[in-house]
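The structure under discussion appears below in the form of C-alpha cells.
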Amino acid sequence: MNTKELTIEAGRAEKQYWKDLWTYRELFYFLAWRDILVRYKQTAIGLAWALIRPFLTMVVFTVVFGNIAKLPSEGDAPYPILVYSALLPWQFFSGALTECSNSLINNANLVSKVYFPRLIVPTSAVIVSFVDFLVSGMILLALMAWYNFVPDWRILTLPIFILIAFAASIGAGLWLAALNVKYRDFRFIVPFIVQFGLYVSPVGFSSKVIAQRFSEQLLLLYSLNPMVGVIDGFRWAILGGESQIYLPGFALSVAFVVVLLWSGIWYFRKTERKFADVI
Numbered sequence: 556m557n558t559k560e561l562t563i564e565a566g567r568a569e570k571q572y573w574k575d576l577w578t579y580r581e582l583f584y585f586l587a588w589r590d591i592l593v594r595y596k597q598t599a600i601g602l603a604w605a606l607i608r609p610f611l612t613m614v615v616f617t618v619v620f621g622n623i624a625k626l627p628s629e630g631d632a633p634y635p636i637l638v639y640s641a642l643l644p645w646q647f648f649s650g651a652l653t654e655c656s657n658s659l660i661n662n663a664n665l666v667s668k669v670y671f672p673r674l675i676v677p678t679s680a681v682i683v684s685f686v687d688f689l690v691s692g693m694i695l696l697a698l699m700a701w702y703n704f705v706p707d708w709r710i711l712t713l714p715i716f717i718l719i720a721f722a723a724s725i726g727a728g729l730w731l732a733a734l735n736v737k738y739r740d741f742r743f744i745v746p747f748i749v750q751f752g753l754y755v756s757p758v759g760f761s762s763k764v765i766a767q768r769f770s771e772q773l774l775l776l777y778s779l780n781p782m783v784g785v786i787d788g789f790r791w792a793i794l795g796g797e798s799q800i801y802l803p804g805f806a807l808s809v810a811f812v813v814v815l816l817w818s819g820i821w822y823f824r825k826t827e828r829k830f831a832d833v834i
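If you read the sequence shown in my numbering, its first letter stands for residue 556, the second for the next number, and so on.
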C-alpha cells in the first residue's frame with residue numbers, strides 16, 4: 556500500500572512562491588485573455604479603438620506643438636512620426652497603470668476565496684495593455700509608409716526599450732494595485748497621474764527642447780521621470796539619424812525604473828497576505 560506524506564515546513568510557502576507563479580501560469584493566460592475579450596465586448600469597431608485613440612492624440616499634438624508652437628523635430632523625421640514614436644510607449648505605460656490599479660479590486664471575489672500568487676493579477680493586466688501597444692504599432696508602420704520614412708539599424712534595438720517600458724509599467728502598476736486595495740482614493744488619483752504625466756513627459760515634443768531650455772541639473776531631475784528614458788530610447792531606435800540620447804539622463808531614468816520595479820515587487824509581496832482581508 557502506497558502512502559504519501561505531507562510535510563509542512565516553516566517558511567516553505569515563501570520559498571515556493573516563485574515556483575507557484577509557474578504552476579499557476581494557466582491562470583495568468585486566462586485572466587489576460589478574459590480582460591482582452593471584456594474590454595472590446597459589444598463594441599461596434601472592436602480593436603479599432605486601440606488605433607483611434609493614439610491616432611487622434613497624435614493629430615492634436617502635431618497641430619499644437621508642430622504647426623502652432625513650431626517646435627522642432629529630430630533631424631529629418633516628420634513631426635507626426637516624432638510624436639507617435641513617443642505615444643506608443645506612453646499609451647502602453649498609462650494603460651498599464653490604469654488596468655493594474657484596478658486589477659485586484661475587479662477580481663475581489665477571486666482574490667478573497669482562492670489561493671494563487673496575487674502577482675499574477677496585475678501582471679496579466681499589463682499584458683492587456685501590451686496587446687493595445689502591438690495593435691497601435693500598425694499606425695506607426697502606416698506613417699512610415701506615408702512619409703517614405705525608412706528606419707536604420709537602430710530599429711533592431713527597440714525590444715530593449717520595450718523591456719524597459721515593461722519594467723516601468725509593472726513596477727508602478729504593482730505599487731498602485733497594492734495601494735488601491737487599502738486606499739480606494741487611488742482610483743481617483745490614477746487618472747490624474749496619467750493625465751498629468753502625459754504633459755510632463757516628452758510626448759508631444761522632442762527632449763531637445765528641454766535640453767535647450769534647462770540646466771543640466773534640472774535635466775537630470777527631469778530624467779527621474781521613468782518614461783523620459785523610455786521615450787528617448789524609442790525615438791533613438793525608430794527615428795535614427797540625428798536623434799540622440801542624453802546618456803546621463805537615460806542612465807538615471809533606467810536606474811529609477813530598476814528601483815521602481817524592485818520596490819514594487821517588494822511592497823506588493825509585503826502587503827499581499829492582507830489583500831483577502833482588506834479587499
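Just so you know, even glycine gets a beta-carbon here, dropped at the ideal spot from N, CA and C.
Checklist line | Span separating the alpha-carbon of Glu654 from that of Gly784 | finding: Cα to Cα, Glu654 sits roughly 22 Å from Gly784.
Next item on the list: Report all residues from its chain with a CB closer than 6 Å to the CB of Phe583; omit the five preceding and five following residues, and keep chain order.
Entry: Excluding residues within five positions, the ones whose Cβ falls inside 6 Å are Ile675, Ser679.
Check: Going by other Cβ atoms of all chains shown within 10 Å of its Cβ, with 16 needed for buried, is Pro571 buried or exposed?
Finding: Per the sequence shown, the amino acid found at residue 571 is Gln instead of Pro. Answer is exposed; the Cβ neighbour count stays below 16.
Note to self: Restricting to Cα atoms, I'd like to know which of Gly796, Leu689, Ala663, Gly759 is closest to Phe704.
What the structure shows: Of the candidates Gly796, Leu689, Ala663, Gly759, Gly796 places its Cα closest to the Cα of Phe704.
Next item on the list: Closer than 8 Å by C-beta to Ile793: which residues in its own chain qualify, once you throw out the five before and the five after it? Chain order, please.
Entry: The beta carbon of Ile793 sits closer than 8 Å to those of Ile636, Ser640, Leu695, Pro706, Arg709, Ile710, Leu713, all from its chain and outside the five residues before and after it, given in chain order.
Item checked: Arg739 - DSSP class collapsed to helix/strand/coil -> Residue state, collapsed to three classes: coil.
Notebook entry, point to check: Do Val681 and Ala605 have their C-beta atoms closer together than 7 Å?
Noted result: 7 Å or more divides the Cβ of Val681 from the Cβ of Ala605.
Notebook entry, point to check: If you compare alpha carbons, which of Gly692, Pro677, Val593, Trp573 is closest to Gly726?
Noted result: When each option's Cα is compared against that of Gly726, the closest is Pro677.
Item checked: Straight-line gap, Tyr835 to Leu652 (C-alpha atoms, nearest Å) -> Any property of residue 835 remains undetermined from this structure, which presents the chain solely from 556 to 834.
Next item on the list: Evaluate contact between the region 797–807 and the region 763–782, counting only Cβ atoms and requiring at least three cross-stretch pairs below 8 Å.
Entry: The region 797–807, when compared against the region 763–782, does touch it at the 8 Å Cβ threshold.
Notebook entry, point to check: Do Asp787 and Ile683 come within 7 Å of each other at the CB atom, strictly closer than that value?
Noted result: The residue asked about is misnamed: residue 683 is Val in this sequence, not Ile. Not closer than 7 Å, so no.
Next item on the list: Taking only the alpha-carbon atoms, compute the straight-line gap between Val833 and Pro672 and give it to the nearest angstrom.
Entry: Straight-line measurement puts the Cα of Pro672 at about 17 Å from the Cα of Val833.
Checklist line | Gly819 versus Ser761: straight-line alpha-carbon distance, rounded | finding: Spanning the two alpha carbons is a distance of roughly 29 Å.
Margin query: What residue range does the alpha helix (DSSP H) around Pro781 cover?
Written below: Per DSSP, Pro781 belongs to the alpha helix (DSSP H) from 781–794.
Notebook entry, point to check: Can you find a CB in chain D that lies within less than 7 Å of the CB of Met782?
Noted result: This model lacks chain D altogether, as it is built from one protein chain only.
Notebook entry, point to check: Going by beta carbon distance, what residues of the same chain come within less than 6 Å of Ala632, once the five residues before and after it are set aside?
Noted result: Correct list, in chain order: Leu794.
Next item on the list: At 4 residues or longer, and completely inside the region 643–709: list those alpha helix (DSSP H) runs for me, N to C.
Entry: As far as the region 643–709 is concerned, its whole alpha helix (DSSP H) runs of at least 4 residues are 663–668, 675–701.
Note to self: Given this structure, state the Cα-to-Cα distance separating Ile765 from Val615, to the nearest angstrom.
What the structure shows: Per the coordinates, the alpha-carbon of Ile765 lies some 20 Å from the alpha-carbon of Val615.
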